[in-house]
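Those protein sequences? They're chains G and D, same order as listed. Residues in the first sequence are numbered consecutively from 0, following numbering that gives the first Met the number 0. Residues in the second sequence are numbered consecutively from 0, following numbering that gives the first Met the number 0. Some notes on the structure that comes next.
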Amino acid sequence: MRFLLIALLAVAINGADVGTQTKDAFILAHKQPLSTYAVENMDFVLEYGLYNVGDKAAQKVTIDDRHSFPTNSFEIIKGLLHVHYEKIPAGTNVTHSVVIRPRAYGFFNYTAAQVTYYTDNENLHVTLTNTPGEGYIYKQREYDRRFAPKYGYFFVFFLVVAPTTLGSFFLFQQSKARFPNIVKKKTA
Amino acid sequence: MGKLTKEEEVLLSSYSASSSTKGTFFFYVNALILSVAPLYLFYGVHQMEVSDSLIVWTVSAVATAYLLALACKNQKRLLKHQIVMKRGPAVDREINAKYANDKKMTIKEKEERALFRKNEVADTESTYLSIFYTNTLYLSVMLGSAFFLLANLAPVFNLLLSTAGSAALVAFLSTAKN
């Protein structure tokens, strides 16, 4: 009885494994920002990842994200928004990153990138990455006010406070010097 | 009530707690500067927005200015007497040197002038020293609490506690009897 149960379990596991296995190439793709904050006129790094979870190599893989970042709102600093890989073998992954620079501030909807690949030489597959969603692009000034060093504020503060504080001290010293302490000597 | 003579007025003023108008004006200007300047720090460093925090800022500025001016006045009263004692001999010597050749002046008149001058010197010196003392004490307590002790508190409470609170502490310390 116990042996039968173990045998059944083995069959079930094997069956499940077979059921989830894909005989073809199968690509999962993600798109995610690596920079914590998007700021106008500052670099913003994005990463794309492709994972071939299938059993065969994917051929002629392309990532196309040109529609997400129109050039009137974004400047492409480094990297390509349209890349091509001849082959991604089974069980491997590829990451690709791009540096862009927003030209304006405000809310922006980051949409999905499109990934296309061939499983043999004729079956074209089209898939999408995840969508990072709506993000806020900071104004340069807002960002600086929040994150830039605050030494300037302290400097101005001390400049404002110094005249009365130090000024009164110097005036006191001056007056003190004018009327020095006279030690009375007792002459016998 | 008989009218006070000039000497009596001088004598009175040298022992009175009230300070000269010039000194009081200086106290209020100083208190105003010291109560408004921290608001700039809270605007810049603790990210308080002008439009959102106008009321809190006004409350803080008024309370701080009042308490600091009070502290300066109290402190001055404490210092003035000490300074009169310290500067006395030097002022006497100055007056004696000044009127050494004036044969017409009586000793009593010279003493009166010396007393008047002592009062004057002690008044200005104690004004300056009390401002310096109050300012440094207030600034160190305020900066220490605003940026170290209460740095993680919500900005509004941080502002009120560290400005008005420090000013209250300074005012309290200035009420010492000796």
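Glycine is no exception: its CB is placed at the ideal position from the N, C-alpha and C atoms.
Residues in the same chain with beta-carbon distance under 7 angstroms from residue i, minus the five sequence neighbours each way, listed in chain order, please.
i, result
"asparagine 53(G)", "Residue identity differs from the one stated: residue 53(G) is glycine in this sequence, not asparagine. Cβ within range, chain order: Thr21, Asp23, Ala24, Phe25 and Ala89."
"lysine 138(G)", "Glu39 and Tyr104"
"leucine 69(D)", "Ala170"
"alanine 113(D)", "Val90, Asp91 and Ile94"
"leucine 78(D)", "Ser125, Leu128 and Ser129"
"threonine 70(G)", "none"
"threonine 91(G)", "Asn51"
"valine 93(G)", "Leu49, Tyr84 and Ile87"
Given this structure, state the Cα-to-Cα distance separating residue i from residue j, to the nearest angstrom.
i, j, result
"lysine 59(G)", "threonine 115(G)", "8 angstroms"
"arginine 65(G)", "valine 49(D)", "41 angstroms"
"valine 28(D)", "glycine 22(D)", "10 angstroms"
"phenylalanine 169(G)", "glutamate 108(D)", "33 angstroms"
"valine 169(D)", "asparagine 151(D)", "23 angstroms"
"lysine 31(D)", "valine 55(D)", "In the sequence as presented, lysine is not what sits at residue 31(D); that position holds leucine. Each residue's Cα considered, the two are about 16 angstroms apart."
"glutamine 173(G)", "proline 154(D)", "41 angstroms"
"alanine 49(G)", "phenylalanine 107(G)", "Here residue 49(G) is leucine; the residue named in the question, alanine, does not match the sequence. One C-alpha to the other measures close to 24 angstroms."
"tyrosine 36(G)", "phenylalanine 43(G)", "8 angstroms"
"proline 87(D)", "methionine 104(D)", "According to the sequence provided, residue 87(D) is glycine. The question's proline does not apply to it. Those two C-alpha atoms are separated by around 20 angstroms."
"leucine 211(G)", "histidine 29(G)", "The structure shown does not extend to residue 211(G), since chain G spans only 0 to 187, so no value can be given for it."
"arginine 144(G)", "lysine 5(D)", "60 angstroms"
"tyrosine 39(D)", "threonine 126(D)", "27 angstroms"
"aspartate 119(G)", "histidine 95(G)", "24 angstroms"
"lysine 149(G)", "tyrosine 142(G)", "12 angstroms"
"lysine 100(D)", "leucine 33(D)", "Looking at the sequence itself, residue 100(D) is asparagine, so the reference to lysine does not match. C-alpha separation (whole angstroms): 48 angstroms."
"methionine 47(D)", "asparagine 157(D)", "11 angstroms"
"alanine 123(D)", "valine 160(G)", "According to the sequence provided, residue 123(D) is threonine. The question's alanine does not apply to it. C-alpha separation (whole angstroms): 20 angstroms."
"tyrosine 132(D)", "leucine 149(D)", "24 angstroms"
"proline 179(G)", "lysine 85(D)", "9 angstroms"
"valine 120(D)", "asparagine 73(D)", "18 angstroms"
"threonine 20(D)", "phenylalanine 26(D)", "10 angstroms"
"arginine 177(G)", "phenylalanine 171(G)", "10 angstroms"
"lysine 176(D)", "phenylalanine 147(D)", "31 angstroms"
"tyrosine 137(D)", "threonine 57(D)", "18 angstroms"
"phenylalanine 154(G)", "tyrosine 47(G)", "44 angstroms"
Counting only beta-carbon separations shorter than 7 angstroms, does residue i have a partner in chain D?
i, result
"threonine 35(G)", "no"
"tyrosine 104(G)", "no"
"tyrosine 152(G)", "yes"
"lysine 149(G)", "yes"
"phenylalanine 178(G)", "yes"
"serine 67(G)", "no"
"serine 72(G)", "no"
"serine 96(G)", "no"
Is residue i close to chain G, meaning its C-beta is less than 7 angstroms from at least one C-beta of that chain?
i, result
"glycine 143(D)", "no"
"glycine 164(D)", "no"
"glycine 22(D)", "no"
"arginine 76(D)", "no"
"valine 169(D)", "no"
"alanine 89(D)", "yes"
"valine 155(D)", "no"
"alanine 64(D)", "no"
Looking at residue j and residue i, is the spacing between their C-beta atoms short of 7 angstroms?
i, j, result
"alanine 145(D)", "phenylalanine 156(G)", "no"
"valine 140(D)", "serine 173(D)", "no"
"isoleucine 75(G)", "isoleucine 99(G)", "yes"
"serine 52(D)", "leucine 159(D)", "no"
"valine 90(D)", "arginine 116(D)", "yes"
"leucine 3(D)", "alanine 167(D)", "no"
"threonine 164(G)", "asparagine 134(D)", "yes"
"leucine 45(G)", "valine 125(G)", "no"
"alanine 163(D)", "alanine 96(D)", "no"
"glycine 143(D)", "tyrosine 152(G)", "no"
"aspartate 63(G)", "glutamine 31(G)", "no"
I'd like the list of long-range same chain contacts for residue i, defined as Cβ closer than 6 angstroms, with 5 residues on each side in sequence excluded.
i, result
"threonine 61(G)", "His83 and Thr115"
"alanine 57(G)", "Ala24, Ile26, Asn51, Ile87 and Tyr116"
"alanine 64(D)", "Ala30, Leu31 and Ser34"
"glutamate 85(G)", "none"
"threonine 128(G)", "Ala28, His29, Lys30, Ala111 and Ala112"
Is there a Cβ from chain B that is less than 7 angstroms from the Cβ of residue i?
i, result
"aspartate 119(G)", "The structure shown contains no chain B; its protein chains are G and D."
Just to confirm my understanding: we take residue i, look at its own chain, exclude 5 residues before and 5 after, and list those with CB closer than 8 angstroms. What are they?
i, result
"threonine 110(G)", "His66, Ser67 and Thr130"
"phenylalanine 73(G)", "Ile99, Arg100, Pro101 and Arg102"
"alanine 147(G)", "none"
Quick one, which residues of the segment 111 to 135 of chain D are near chain G if we go by CB-CB under 7 angstroms, in chain order? Val120, Thr123, Glu124, Tyr127, Leu128, Ile130, Phe131, Asn134 and Thr135
Could you name the residues of the segment 22 to 51 of chain D whose beta carbon sits closer than 9 angstroms to any beta carbon of chain G, in the order they occur along the chain? Of all residues in the segment 22 to 51 of chain D, Phe25, Val28, Asn29, Ile32, Leu33, Val35, Ala36, Pro37, Tyr39, Leu40, Tyr42, Gly43, Val44 and Gln46 have a Cβ within less than 9 angstroms of some Cβ in chain G.
Residues from the segment 154 to 172 of chain G in contact with chain D, defined by Cβ distance under 7 angstroms: Of all residues in the segment 154 to 172 of chain G, the ones placed with a Cβ closer than 7 angstroms to any Cβ belonging to chain D are Val155, Phe156, Val159, Val160, Thr163, Thr164, Ser167, Phe168, Leu170 and Phe171, in chain order.
Pull out every residue of the segment 133 to 149 of chain G whose Cβ sits closer than 8 angstroms to any Cβ of chain D, in chain order. Arg144, Arg145 and Lys149
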